[in-house]
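This report concerns only the one structure given below.
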Amino acid sequence: MPFYPYRDEQFQAELLKPQPAWACDTSESAPLVFADKKIVFREDFDAERKDLEEQIPLIRRYADYMLKYTLQLVDSLAKVSLKPKGGKW
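According to the numbering used here, numbering within the sequence shown proceeds without interruption in unit steps and concludes at 529.
And the structure:
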């Protein structure tokens, strides 16, 4: 299952709906990977999340630059923020 390291653990469930292209076992005998809003096997998730957290200063500088010099991006983000669930581009 593709856990999303940008989201906190308890908010992963909605992303775990099997998709046709996924090569994963969803049968009753499949190993449990997520239960009670917790990731059962955490090693990969924790490692990827840690790597992303270490990149926060670099990502923040890039985001600040883009917001300062790409006015169209600011306008698009403002429009999306007004939608009830954010929306799609």
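By construction, the Cβ of each residue, glycine as well, lies at the ideal position given by its N, Cα and C atoms.
The Cβ neighbour count for Q495, taken over all protein chains shown within 10 Å, is under 16; the residue is labelled exposed. Excluding the 5 residues flanking it on each side, F481 has same chain C-beta neighbours closer than 7 Å at V473, in chain order. Under DSSP, A475 forms a beta bridge with K478. Here P497 has no same chain residue with a Cβ atom under 6 Å from its own Cβ, once five neighbours each way along the sequence are excluded.
Sequence-distant partners of W462 (beyond 5 residues in either direction) whose C-beta falls short of 6 Å from its own C-beta are missing from its chain. Apart from sequence neighbours up to five positions away, the residues of its chain that approach Y446 with a beta-carbon distance below 8 Å are L492, ordered along the chain. In the structure shown, F451 adopts helical secondary structure according to DSSP, grouped into three states. In the structure shown, the three-state DSSP call for A470 is coil.
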